[in-house]
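Colleague: Handing you this structure, nothing more for now.
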Amino acid sequence: MKFLFPRLVLETFLFAVILSTFTTVPCLCLLGPNLKAWLRVFSRNGVTSVWENSLQITTISSFLGTWLGAFPIPLDWERPWQVWPISCTLGATFGYVAGLIISPLWIYWNRKQLTYKNN
Amino acid sequence: MRLGCGAFAAGCVVIEVLGVALFLRGFFPAPARPEPEPPAAPAAPEPMAGASSNWTERPPPLFRKVVIMLIDALRDDFVFGSKGVKFMPYTTYLVEKGAAHSFVAEAKPPTVTMPRVKALMTGSLPGFVDVVRNLNSPALLEDNVVTQAKAAGKRIIFYGDETWVKLFPKHFVEYDGTTSFFVSDYTEVDDNVTRHLDKVLKRGDWDVLILHYLGLDHIGHISGPSSPLIGRKLSEMDSILMRIHTSLLSEEREALSPSLLVLCGDHGMSESGGHGASSLEEVNTALLLTSSAFERKPGEVRPPERVQQTDLAATLAVGLGLPIPQHSVGRFLFPVVQGRALREQLRLLHLNAVQLSRLLRSRIPGFEREHGFEQFKISERLHGNWVKLYLEENNAEILLNMGAKARKQYLYTLKALSQALSSQEAQYDIYSMVVLALLLLSVPQALGATAKLEVPLSPMCSLLFYVMFLLLWAMHMVVCTSAESFCYLCNLAWPVAGAVLALVSALLCGVLSTLTRLCVRRKLLRRKPAPSHWKWSELDFLILAGTAGHVLSLGASSFIEEEHQTWYFLVSTLCLALSHESYRSCFLGDDEEPEHCPRVAGEFAGTASALPDRSVSCDMLELDQARQSPSSLDGLRGREKCMALASPWLILGCCRLLRSLNQTGVQWAHRPDLGHWLTSSDHQAELSVLAALSLLAIFALVQSRCSSVAKGALALGLLGVYCYRAATGHVLSPWQQDNKDVSRGIIEARFVYVFVLGILFMGIKDMLKSQVLAAGIPVKTVGLWDVYSGLVLLTALLFRPHNLPVLVCSLLIQTMMTKFIWRPLRHGAAEVTVMHYWFGQAFFYFQGNSNNIATVDISAGFVGLNTYVEVPAMFLTAFATYAGPVLWASHLVNFLSWEPNSGSALRRACFCYALLSSVPVSAYVVLVTALRYHLFIWSVFSPKLLYEGMHLLVTAALCLGFTAVDRAGAKVDAGKVAHC
Numbered sequence: 001m002k003f004l005f006p007r008l009v010l011e012t013f014l015f016a017v018i019l020s021t022f023t024t025v026p027c028l029c030l031l032g033p034n035l036k037a038w039l040r041v042f043s044r045n046g047v048t049s050v051w052e053n054s055l056q057i058t059t060i061s062s063f064l065g066t067w068l069g070a071f072p073i074p075l076d077w078e079r080p081w082q083v084w085p086i087s088c089t090l091g092a093t094f095g096y097v098a099g100l101i102i103s104p105l106w107i108y109w110n111r112k113q114l115t116y117k118n119n
Numbered sequence: 001m002r003l004g005c006g007a008f009a010a011g012c013v014v015i016e017v018l019g020v021a022l023f024l025r026g027f028f029p030a031p032a033r034p035e036p037e038p039p040a041a042p043a044a045p046e047p048m049a050g051a052s053s054n055w056t057e058r059p060p061p062l063f064r065k066v067v068i069m070l071i072d073a074l075r076d077d078f079v080f081g082s083k084g085v086k087f088m089p090y091t092t093y094l095v096e097k098g099a100a101h102s103f104v105a106e107a108k109p110p111t112v113t114m115p116r117v118k119a120l121m122t123g124s125l126p127g128f129v130d131v132v133r134n135l136n137s138p139a140l141l142e143d144n145v146v147t148q149a150k151a152a153g154k155r156i157i158f159y160g161d162e163t164w165v166k167l168f169p170k171h172f173v174e175y176d177g178t179t180s181f182f183v184s185d186y187t188e189v190d191d192n193v194t195r196h197l198d199k200v201l202k203r204g205d206w207d208v209l210i211l212h213y214l215g216l217d218h219i220g221h222i223s224g225p226s227s228p229l230i231g232r233k234l235s236e237m238d239s240i241l242m243r244i245h246t247s248l249l250s251e252e253r254e255a256l257s258p259s260l261l262v263l264c265g266d267h268g269m270s271e272s273g274g275h276g277a278s279s280l281e282e283v284n285t286a287l288l289l290t291s292s293a294f295e296r297k298p299g300e301v302r303p304p305e306r307v308q309q310t311d312l313a314a315t316l317a318v319g320l321g322l323p324i325p326q327h328s329v330g331r332f333l334f335p336v337v338q339g340r341a342l343r344e345q346l347r348l349l350h351l352n353a354v355q356l357s358r359l360l361r362s363r364i365p366g367f368e369r370e371h372g373f374e375q376f377k378i379s380e381r382l383h384g385n386w387v388k389l390y391l392e393e394n395n396a397e398i399l400l401n402m403g404a405k406a407r408k409q410y411l412y413t414l415k416a417l418s419q420a421l422s423s424q425e426a427q428y429d430i431y432s433m434v435v436l437a438l439l440l441l442s443v444p445q446a447l448g449a450t451a452k453l454e455v456p457l458s459p460m461c462s463l464l465f466y467v468m469f470l471l472l473w474a475m476h477m478v479v480c481t482s483a484e485s486f487c488y489l490c491n492l493a494w495p496v497a498g499a500v501l502a503l504v505s506a507l508l509c510g511v512l513s514t515l516t517r518l519c520v521r522r523k524l525l526r527r528k529p530a531p532s533h534w535k536w537s538e539l540d541f542l543i544l545a546g547t548a549g550h551v552l553s554l555g556a557s558s559f560i561e562e563e564h565q566t567w568y569f570l571v572s573t574l575c576l577a578l579s580h581e582s583y584r585s586c587f588l589g590d591d592e593e594p595e596h597c598p599r600v601a602g603e604f605a606g607t608a609s610a611l612p613d614r615s616v617s618c619d620m621l622e623l624d625q626a627r628q629s630p631s632s633l634d635g636l637r638g639r640e641k642c643m644a645l646a647s648p649w650l651i652l653g654c655c656r657l658l659r660s661l662n663q664t665g666v667q668w669a670h671r672p673d674l675g676h677w678l679t680s681s682d683h684q685a686e687l688s689v690l691a692a693l694s695l696l697a698i699f700a701l702v703q704s705r706c707s708s709v710a711k712g713a714l715a716l717g718l719l720g721v722y723c724y725r726a727a728t729g730h731v732l733s734p735w736q737q738d739n740k741d742v743s744r745g746i747i748e749a750r751f752v753y754v755f756v757l758g759i760l761f762m763g764i765k766d767m768l769k770s771q772v773l774a775a776g777i778p779v780k781t782v783g784l785w786d787v788y789s790g791l792v793l794l795t796a797l798l799f800r801p802h803n804l805p806v807l808v809c810s811l812l813i814q815t816m817m818t819k820f821i822w823r824p825l826r827h828g829a830a831e832v833t834v835m836h837y838w839f840g841q842a843f844f845y846f847q848g849n850s851n852n853i854a855t856v857d858i859s860a861g862f863v864g865l866n867t868y869v870e871v872p873a874m875f876l877t878a879f880a881t882y883a884g885p886v887l888w889a890s891h892l893v894n895f896l897s898w899e900p901n902s903g904s905a906l907r908r909a910c911f912c913y914a915l916l917s918s919v920p921v922s923a924y925v926v927l928v929t930a931l932r933y934h935l936f937i938w939s940v941f942s943p944k945l946l947y948e949g950m951h952l953l954v955t956a957a958l959c960l961g962f963t964a965v966d967r968a969g970a971k972v973d974a975g976k977v978a979h980c
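Chains as they are written, first to last, in full-length UniProt numbering: chain S, 1 to 119; chain E, 1 to 980.
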């Protein structure tokens, strides 16, 4: 009956820890346990400050990196990093780093258009 | 001139089906064999340096009698592995100690019976198209061992699979064919072969006896290679082998000439029990040659040597003293002649090499430069020198050394020649492929360009059409007259080819004119500010990215092998996106919600503005209705709100459970899964409980919206399904505990068929009634739902019992999505269509399919049929295979026709559905054309091409169904449209 339960539980758990470090922890620090604020930040035109803007970009890019990181798993290259969840972890890390780089640049370039409701 | 978009889409898909059919004809060309030489060609004389040899006759036969015992799906480890030691003691004794040679014969894909039988008897490699022809095998016209043996006056007797009787009509002096299509029977097929044995073995009036046992393959199809039934079958086969062998031995003692007993398999068996692809388990077959002529030193251990399956034809020809079949690419198995004189050995090697080099000469233009051919010249010279010395009666030791050298050289030559021949590619019909790829490419563009086709009839367009037509025609003439190559389009009659070209040019014209119109409109749009309301939600991005990603992934063979992963991944992502959306609309209130309505079908082509006025006005109507209706999730009560928030997660859970039900694909297919656990004989009780619960759940989920009569019929039908499974021995029956005999359940299955037909008939009658009497939407939707429940009942009958949870989950997800996601969130018709399509594809793989011929469950074609009847069996198999997509598509029709203003939504859905399934097909056709020399073209890409073709056919049928429902609903909607 063991096929009903996920394999590689420990690895998956560690991957979840990494991913939530990149996404949930910053969100919790900035927004607190406020579901409405979370939903607002992750909808279109919902951000109200520069911080939330960078939060949005880094979180989305880490999720996107994780999502794209799953693609090489079925390929038959037989590389050691193709195994679940290594490629996804790599994707999450690269995505987070990319988000960290992109968000200040994006904010800088769009500083004219950025008008927040609160300010 | 205008066509409605639904009907137009259906028409396009039908054209595309024809295109794919023609493409397949070009892709799987009938093997272009050279004209057969006159069969009475005399045997090549023995080479001799400077003079002519005195031995020009063909060598005498090595064996007086030959018995070929072919066991379907005899994998190598069934004989040489642990199973062989355990269940086949006599065979193991022969392998280890007896006068026998054992080999592992490698079969080339497609590992399906008929091409394999052809390969065994002709020694050539039949193309992939033989899989398609597997169902009605025409007579084998190529040169083969059986025909040669008959021409040489041998008396051949055959018992077993009737494929042989069809392949070799009038070849056997006595035969009894058993049909291979009743998969669930694995005892009677073999008893029908064995019952003749005693009589035949006593008589001495035959030279060749061929037995083809099917039982092992059937057991594999039913329960896989690890089933306990396999062991029993192997023991049975072992005892039969012993009987034949002892009888042959006792006869030899009287006749003093050796006979040969061949035990072989035609293909292997994959870990799931099917065959057809190229995994190691399917390719490796056992081959055992036994004869008292073989010498064996005591204590000598011979591990089975790896050979090609095609080598057997040459070996049999040599053994029977026949000419080797002309198109054989094999080399005869040298150990067979090891006991003969050196001169005879060299003579036989020479004959085989001459045959192979002739074949090389006829197939490869630059054959002189071929490595094998050069080697052949060297070995012929060595052989000639040796013969000269031999005839001059020289020193024995020099002779022996030279002979050994010549023999070694010959063996090397044969290997090189055989490899050069087997690696040769089949000839593709490039020209036809290019033309049809053009045709296919233009269809989705024409589909995507506009929701309604405006057939351009302006003089400019007709001029363009004529120019293009003439251009194509000139190209056709040039290609057909210049190339000596084999080409299907050139062989077509001129009017037909002309019609194809005209169609291509017309479509190209249409595409060009639409593109120019689009460009003009873009320019206009650029001047004006972009329409502000046209915005894409995250879901639309996901849908577009998923569709594009799936199409791109078709270029990699691993992604094709593991396509189920792509769909599971996309569906999971879809669930997450939906959950995000439902949370947002629940807690934030959806301020941007009304924007869902205008962006519908058009967004795919990126031409939202191309929607003609009528459908836009209908959109406005929809929009108004949407505004008037109480807003989304706020209308739901507390508990329902919770359900709406939880349902995406529940759906994810369902998908996770279904994933562990059937492992498919290649890389992870060997993992243990719930399906195997349930079907193993120890867990029959669990399977029975699960099947019963699933049937109850199916009833509970479907019945609520059925008409009362259909409800009763459905209940009885589902009961009948359980009875059927109990009768066939899959599940325990509560009322007949000790009834062990397994029947075919014909009566029960037919009982269910009656209800299926009854429900379908009632549903269609309701729909027609609603049209004639204009009785309104309720009657029509009830009728549609009845049709849907009829399809569900049919699926429940055809699915294997362990797959019934797939059906339950599919119904459950449909119900939850309808109630909590699509309705409250008010998704557009296009989005709902895409989601249905994705779930349909995912369920195609959930039910255990893959892009591999071996996973097609052909046993579904025999439910309720006594004998193999081609049309119903094909239909039932196709329906059972594509049950997932078909059920989801019919649910889509149901869902959309409940909605107010169903007509335009249905038309757009049909259009979207056609577009969604024809884009991958066209892209795939182009990809396959480009990748036709890929290493995996036969094992991965070709089966997928067949699957895509079949899927397109199913889509065409579905689109026609959509259009029919749309037409049926047209009258009901007519009043509304007039109002709007």
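Glycine included, every Cβ here is placed at the ideal spot set by N, Cα and C. Since this is a predicted model, take the numbers as computed values, not measurements.
#1: Looking at C-beta atoms only, is the number of pairs between the segment 824 to 839 of chain E and the segment 263 to 277 of chain E that lie closer than 8 angstroms three or more?
#2: Report all residues from its chain with a CB closer than 6 angstroms to the CB of Leu906 (chain E); omit the five preceding and five following residues, and keep chain order.
#3: Could you work out which residue in E:Lys86, E:Trp164, E:Val95 is closest to Ala119 (chain E) when comparing CA atoms only?
#4: Taking residue 981 (chain E) and Asp161 (chain E) to be in contact with their CB atoms under 8 angstroms, please state how far apart those CB atoms are, rounded to whole angstroms.
#5: Less than 7 angstroms between CB atoms is the rule here; does Leu75 (chain S) satisfy it with respect to chain E?
#6: Along the segment 65 to 99 of chain S, what residues have a CB closer than 9 angstroms to any CB found in chain E?
#7: Three or more beta-carbon pairs under 8 angstroms between the segment 142 to 158 of chain E and the segment 199 to 212 of chain E, yes or no?
#8: Indicate the three-state DSSP secondary structure (helix, strand or coil) for Thr12 (chain S) in the structure shown.
#9: Would you call the CB atoms of Gly65 (chain S) and Phe94 (chain S) closer than 7 angstroms?
#10: Tell me the DSSP secondary structure of Cys264 (chain E) in three-state form.
#11: Do Ala889 (chain E) and Cys959 (chain E) count as a contact pair if the criterion is CB distance below 7 angstroms?
#12: Using a Cβ-Cβ cut-off of less than 8 angstroms, give me the residues of the segment 17 to 50 of chain S that come near chain E, in sequence order.
#13: Would a C-beta distance cut-off of 7 angstroms place Gly372 (chain E) and Ala420 (chain E) closer than the cut-off?
#14: For Thr187 (chain E), which three-state DSSP category applies?
#15: Roughly how many whole angstroms lie between the Cα atoms of Ser694 (chain E) and Trp567 (chain E)?
#16: At the 7 angstroms Cβ level, is Gln56 (chain S) part of the contact set with chain E, yes or no?
#17: Check whether the segment 104 to 117 of chain E touches the segment 241 to 251 of chain E, taking contact to mean three or more Cβ pairs, one atom from each stretch, closer than 8 angstroms.
#18: What are the start and end residues of the beta strand (DSSP E) that includes Gly160 (chain E)?
#19: Nearest by alpha-carbon distance to Leu348 (chain E): which of E:Tyr410, E:Leu359, E:Glu397 is it?
#20: For a quick check, are the C-beta atoms of Gly720 (chain E) and Glu748 (chain E) less than 7 angstroms apart?
#21: For the alpha helix (DSSP H) containing His218 (chain E), list its first residue and its last residue.
#22: When you compare the CB positions of His275 (chain E) and Ser124 (chain E), do they come within less than 7 angstroms of one another, or not?
#23: Mind listing which residues of the segment 271 to 284 of chain E have their C-beta closer than 9 angstroms to chain S's C-betas, in chain order?
#24: Can you tell me whether DSSP reads Glu106 (chain E) as helix, strand or coil?
#25: Give a yes or no on whether the C-beta atoms belonging to Ser579 (chain E) and Pro648 (chain E) are separated by under 7 angstroms.
#26: Run through chain S and tell me which residues come within less than 8 angstroms of Leu588 (chain E), C-beta to C-beta.
#27: Which of the three DSSP states, helix, strand or coil, is assigned to Gly91 (chain S)?
#28: Whose Cβ in chain B lies nearer than 8 angstroms to the Cβ of Glu562 (chain E)?
#29: Distance check for Ala830 (chain E) and Leu234 (chain E), CA to CA, integer angstroms please.
#30: Judging by CA-CA distance, which residue of E:Lys769, E:Ala726, E:Ile68, E:Val702 is the nearest neighbour of Pro801 (chain E)?
Modeller: So, to answer that:
#1: no
#2: Leu896, Asp966
#3: E:Trp164
#4: Outside the displayed span of chain E (1 to 980) sits residue 981 (chain E), for which this structure offers no information.
#5: yes
#6: Trp67, Ala70, Phe71, Ile73, Pro74, Leu75, Asp76, Trp77
#7: yes
#8: helix
#9: yes
#10: strand
#11: no
#12: Leu35, Lys36, Leu39, Arg40, Phe42, Ser43, Arg44
#13: yes
#14: coil
#15: 24 angstroms
#16: no
#17: no
#18: 156 to 161
#19: E:Tyr410
#20: yes
#21: 215 to 223
#22: no
#23: none
#24: strand
#25: yes
#26: Lys36, Leu39, Arg40, Ser43
#27: helix
#28: The structure shown contains no chain B; the protein chains it does contain are S and E.
#29: 55 angstroms
#30: E:Ala726
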